[in-house]
Structures are given as structure tokens and as C-alpha cells.
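All remarks here apply to the structure that follows.
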Amino acid sequence: MDLLLTDNEIKVLSNVRKQILNETVFIFQLLNVIRDNSIVIIVGETGSGKTTQLTQYLHEDGYTKCGMVGCTQPRRVAAMSVAKRVSEEMQVRLGDDVGYAIRFEDCTSENTVIKYMTDGILLRESLREQDLDNYSAIIMDEAHERSLNTDVVARRTDLKLIVTSATMDSTKFAKFFGNVPEFIIPGRTFPVEIFFSRNTVEDYVDAAVKQSLQIHLMGLDGDILVFMPGQEDIEVTCDILAERLEELDDAPPLAILPIYSQLPSDLQAKIFEKAPGGMRKCIVATNIAETSLTVDGIFFVVDAGYCKLKVFNPKIGMDSLQVFPISQANANQRSGRAGRTGPGHCYRLYTQRQYKDEMLITTIPEMQRTNLANVVLLLKSLGVQDLLKFHFMDPPPQDNILNSMYQLWILGAIDNTGCLTPMGRQMVEFPLDPAMSKMLIVSLEMQCSAEILVSRPSHVYKYCLL
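Each step along the sequence shown adds one to the number in full-length UniProt numbering, with nothing skipped, and position 434 is 434.
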């Protein structure tokens, strides 16, 4: 019996076949480049699936037969959510074939072949096992975030290393690794119409609430993504948004969902789920939603124009999170979130002049704005003797390195010759600031650990319980 197809059905079938063929050819080319080179730079546009699919490609190509495929993420939330997504796609239990490891939590097993983790976890693993023989390949995802740990891990050129990012200077990375090949993964993005504020915004929380309500009441389809600097602003924004929504008569329902690193994982997962009754979602997020997490259905972005960055605070002698204007690269990445699944709109709560004249083109790398005591301690434990000659991609000021070494000498972590002391070798085992590590170690000797746990931050307490 002949099966007759209409012209339209034939056209659709032809397009599907072309798409399958193009994807097959693309995957074949990508795997060939990875096989032929120890280090590869991969630039993937938003929506290209590089974070979730690349590990699976390597698994299917046989890399997991001789070790795990590891993928580092700059944030804990991203490591957990991506691992969950990949386990669902592979139809395996999370923690079995696919798992994740973050500070204070290891959701892996002896059967794990794909492992997502923060870059700090991989760095600590390299301290215990310098060869990292249990990995066949390492993917450094979101390399444009440029954390201290990323810069150090990037020096492990003895590994099969795949460096990926959505918005990085690929040529700069390629030169840093010795003119290694670059591979571009095309993404499926749609045009985004950008609106700047006419006047300088005094209260970005209030402005974001008003803009979100205006979008919601316009009646157009699509979810809303609001960018805020941190947890406090997110919680206030959600509360005010809910209050003002109740004050409106006959306003359609709105699912207001926060997302930040300290939010329980079950609440974080809600941003990926469909809202009950088909209502619109309004997700209020930190910059984690710029690249690390991809949420489908976003058609409207409200950008407050600020983020929190870790910088060295000389008053307390430690790093602290402070609010700064985002860079132009961050702004462009945020607006791109609205064009993930269709044409979108981005409302920037700052003027075009502020964007052009006051925002940096890219964010200053963490290596150049934070206390280096922790990374100096790690480098010393890895056997690096002359830190001033260590090849950083963006070298920090020498004064910063020398100041960090002086702090470590004061703490007794290094001796007069710059070598690690027994105390320093103990301190490097703690995923904490060197001063806190020293405090915990000494508290055991002084028998005052209970008092230290009461007076110190919660993450120190959690570490001691473990």
C-alpha cells in the first residue's frame, strides 16, 4: 500500500532529515577535533546545549571506558541542576552513572562516569591525586567566569582539557594554551528588543517591581526573568511584587520564583517546572541565570544592572561580596536570555549613557581583585616554588602576591624560605579561608572548638560537623 504525503508533510520531513544530518556531521567534526588535540577551546552560544550534551557525546564516544568525564561549573547550583538534567536525559538515577560534587556534598558513586562539580572540588582532588588518573577528560565550563580555581586548574595541560564558554575571548584562551584549536558551536537564538531607562534609576528594586507588573499586565505570553545582585534584594523584590499584585483588582495570577545559591534545591527546581494552571512565571535571580542555568519560556528580561563580586576588603583582611555595576558583556548575556525560545524584550534599568560610559567591557578577573592567600597556599601545595614566575592568564599585581605570602607567613603556613610548613599542609585540606582554617586547627589544641563554632559563619560549622 502506497503512503501518500502532502507537499507540506514532505517539506517538514525534508527539514527534519536535514537537521538530523547537520547535527550528525557537526558532532562528528567536534569529536574529531577533541580526539586530535589535548586541549580544545569551544565557544558555544546560548542555547547550544554545550553544558548538558558535550559530556554525553564524550560518554557515547567511549571516553568513560577509561575514566570519568568531569565537568567543572563556577557555581554549586549549576553543578547540581545540570547533573540532574543530564541524569534525566540519560534515564539514570542521579548519583549513579551521573553525579555531582560540591563543597560539603558528594552525590556520586563508584559507578559514576559523568561527574559535574565546582572547579574548587577538582582543584582539591588534584591535591590528593596530582595525576587525576580517574578522569579521561575534563571540561571547564563557563570559563569566562574566571575564578581563581579556574585559572589554576587551567594549568593542568597534561589532561584532555576542553575549555568552553558562552561569551569569552576565545583567541585569548587559545593563545594562553599555545595556539590550540577553537571550535564554534552555533546556538539557536532569536532577536531581542532592548529598552533603556530614560533617566537614572534611584531604587532598582522598586523599578524592577514596576516594570515586571507592567509586563505582566500587558497580556503578552511569556515568562519574566528579573536580575538582582543578591539574596537580600531577591527576597525583597519577591515580597513587594506579591504585595502589589494583591492590591490590583482582577490581576491575572503570577508565580513568583526566587533563585540564588543558598535556596534549598527543591525550591530551586521550581524554576524549571511549569507553573500550575498555566500561569506566568516571574523568576527573580542572581547572575547565575546569565549563563549557568537555562530556563525555557523566558521572553522578558528585567535587568537591574548590578551584581555581587568577591573583592578583597583591607579593613577585615578578607574577601567580601560587594555590589558593583555589571559589565557590558554581562548586560549582553542577560538580554540574550529573552531570545532563547523566541523573539523577546529586555528592559534595562539604566540609561544608554551608563551602559556605554560607566560599565566596563568585561568583568575584572577574580585573580586581580581578591585576596590571593588561598590560591598561593594551593599553588605551594602543588609544588610551585616561584609564584612571581607562574604563568597566569591575567597576572595579578606582584604586591598582591607578596602580601598574600606575608599573610601566610604570619599564620605559620609557610616558613622564611616560602616553603609549606606542617601547619600549612593541614590548612590546605580545609575549603576555607586560610585564617579560618588556622583558627579551627588551633581551636582543637586549645580545646575551644565549641566556642569557635558559635562565633564563626555557618559554613565553618557545617564543615566541622562533617
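Where is the CB? At the ideal position from N, CA and C, for every residue including glycine.
Using 10 angstroms around the beta-carbon of Asp-386, count the other beta-carbons present and answer buried if the total reaches 16, otherwise exposed.
A residue is called buried when at least 16 other Cβ atoms come within 10 angstroms of its Cβ; Asp-386 does not meet this threshold and is exposed.
Name the DSSP bridge partner or partners of Asp-106?
Bridge partners of Asp-106: Ala-101.
Looking at the unbroken alpha helix (DSSP H) that takes in Cys-238, where does it start and where does it end?
In the DSSP assignment, Cys-238 falls within the unbroken alpha helix (DSSP H) covering 231-247.
How do the segment 366-383 and the segment 411-428 stand: do at least 3 beta-carbon pairs fall below 8 Å, yes or no?
With a cut-off of 8 Å on Cβ pairs, the segment 366-383 is in contact with the segment 411-428, counting three or more such pairs.
Where does the unbroken alpha helix (DSSP H) through Tyr-306 begin, and where does it stop?
That residue, Tyr-306, is in no alpha helix (DSSP H); its beta strand (DSSP E) goes 306-313.
Could you tell me the alpha carbon to alpha carbon distance between Gln-333 and Asn-400, rounded to whole angstroms?
Counting only the Cα atoms, Asn-400 lies some 31 Å from Gln-333.
Backbone CA spacing between His-59 and Arg-35 [nearest angstrom]:
Near 13 Å, if we compare the C-alpha coordinates of Arg-35 and His-59.
Report the residue from Glu-105, Arg-124, Tyr-100, Ser-126 whose alpha carbon sits nearest the alpha carbon of Ile-114.
With distances taken between Cα atoms, Ile-114 lies closest to Tyr-100.
Let me know if Pro-74 comes out buried or exposed under the rule of 16 or more other beta-carbons within 10 Å of its beta-carbon.
It is buried - the Cβ of Pro-74 has at least 16 other Cβ atoms within 10 Å.
Taking only three categories from DSSP, how would you classify Val-192?
In the structure shown, Val-192 sits in a strand (DSSP, three-state: E or B).
Whole angstroms are fine: how far does the CA of Met-228 sit from the CA of Asp-206?
Asp-206 and Met-228 have their C-alpha atoms some 12 Å from each other.
Flag this pair as yes or no: are the beta carbons of Arg-353 and Ser-381 separated by less than 8 Å?
No. Outside cutoff.
Determine the direct distance from the alpha carbon of Gln-231 to that of Lys-308, and round the result to whole angstroms.
Roughly 10 Å separates the two Cα atoms.
Beta carbon of Glu-89 nearer than 8 Å to that of Thr-64:
Their beta carbons are not under 8 Å apart, which means Glu-89 does not touch Thr-64 by this criterion.
So, helix, strand or coil for Glu-88, using DSSP?
Reduced to three states, the DSSP call for Glu-88 is helix.
What does DSSP give as the partner residues of Pro-258 in its beta bridges?
Residue pairing for Pro-258: DSSP places it in a beta bridge opposite Val-284.
By the three-class DSSP mapping on this structure, what secondary structure does Tyr-350 have?
Look at Tyr-350 here: in three-state DSSP terms it is coil, with no helix or strand label.
I need the DSSP call for Met-427, collapsed to helix, strand or coil.
Correct three-state label for Met-427: helix.
Let me make sure I understand the geometry here. Which of Asp-141, Thr-362, Leu-349 has the alpha-carbon closest to that of Ser-327?
Considering only alpha carbons, the answer is Thr-362.
When you compare the CB positions of Gly-70 and Pro-431, do they come within less than 8 Å of one another, or not?
Result no, Cβ atoms of Gly-70 and Pro-431 do not sit closer than 8 Å.
Tell me the residue span of the alpha helix (DSSP H) that contains Ile-401.
398-410 is the span of the alpha helix (DSSP H), which, as asked, contains Ile-401.
If we ignore side chains and look at the alpha-carbon of each, how far apart do Gly-342 and Glu-193 end up?
A straight line joining the alpha-carbon of Gly-342 with that of Glu-193 spans about 12 Å.
Over what stretch of residues does the beta strand (DSSP E) that includes Leu-161 continue unbroken?
Its beta strand (DSSP E) spans residues 161-165.
Taking DSSP's pairing of strands, which residues face Cys-419 in a bridge?
DSSP, once it has assigned bridges, lists no residue as partnering Cys-419.
How big is the Cα-Cα spacing for Gly-336 and Thr-171?
Their backbone Cα atoms lie some 22 Å apart in a straight line.
CA-to-CA distance, Arg-124 to Val-384, given in whole angstroms
Going from the Cα of Val-384 to the Cα of Arg-124 covers about 15 Å.
So what does Phe-28 bridge to, in DSSP terms?
Answer is none; Phe-28 lacks a bridge partner.
How many angstroms separate the CA atom of Gly-178 from the CA atom of Tyr-135?
Distance between the alpha carbons of Gly-178 and Tyr-135 is about 23 Å.
Starting from Glu-129, trace the beta strand (DSSP E) both ways and give me its first and last residue.
For Glu-129, there is no enclosing beta strand (DSSP E), as DSSP marks it with neither H nor E.
Throw me the rounded Cβ distance for the Gln-225 and Val-301 pair, which I believe falls under 8 Å.
Here the sequence assigns Leu to residue 225, which means Gln is not the residue at that position. About 5 Å separates the CB atoms of Leu-225 and Val-301; that is less than 8 Å, so the two are in contact.
Do you know how far the Cα of Gln-398 is from the Cα of Tyr-347?
Straight-line Cα distance between these residues: approximately 41 Å.
Can the beta-carbon of Phe-173 be found closer than 8 Å to that of Ile-41?
The Cβ atoms of Phe-173 and Ile-41 sit closer than 8 Å to each other.
Just the C-alpha distance for Ile-138 and Val-82, rounded to the nearest angstrom, thanks.
Rounded to the nearest angstrom, the two C-alpha atoms are 16 Å apart.
Mark Met-446 as exposed unless 16 or more other C-beta atoms lie within 10 angstroms of its C-beta, in which case mark it buried.
By the neighbour-count criterion, in which 16 or more other beta carbons inside 10 Å mark a residue as buried, Met-446 falls on the exposed side.
Where the beta strand (DSSP E) containing Met-117 begins and where it ends
DSSP places Met-117 in the uninterrupted beta strand (DSSP E) bounded by 114-118.
Alpha-carbon to alpha-carbon, Phe-196 and Glu-129:
The alpha-carbon atoms of Glu-129 and Phe-196 are separated by roughly 51 Å.
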